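Trainee: Take any residue in the sequence shown, note its place counting from 1, add 203, and you have its number in our numbering.
We treat Cβ as the ideally placed atom computed from N, Cα and C, and that holds for glycine.
As the structure is a computational prediction, the values presented were derived from the model and not from experiment.
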Amino acid sequence: MYATYTMKRTNIYLSDRQLLLLGAAARSRGRSVADLVREAVEAWLVAA
Numbered sequence: 204m205y206a207t208y209t210m211k212r213t214n215i216y217l218s219d220r221q222l223l224l225l226g227a228a229a230r231s232r233g234r235s236v237a238d239l240v241r242e243a244v245e246a247w248l249v250a251a
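1) Relative to the C-alpha of R212, which residue among L225, A229, V240 is closest?
2) Which same chain residues end up closer than 7 Å to V236 when comparing Cβ atoms and leaving out the 5 residues on each side of it in sequence?
3) What are the start and end residues of the alpha helix (DSSP H) that includes A237?
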C-alpha cells in the first residue's frame with residue numbers, strides 16, 4: 204500500500220555556488236535537485 208500525499212510548489216533562493224554543488228550532488232546520486240532539497244528540509248525539521 205502506498206502513502207498518498209500532495210506536495211506544494213515553492214521557490215527558494217540559492218547562491219550560484221549552492222545551486223552548482225546541489226546539481227552536482229543530484230547528478231552523482233541519480234536524483235533530482237528537488238528530491239535532495241526535500242530530504243535536507245526533512246532532516247533539518249526532525250533535528251530541530
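Mentor: To lay it out plainly:
1) V240
2) Same-chain partners within the cutoff: L225, G226, A229.
3) 236 to 250
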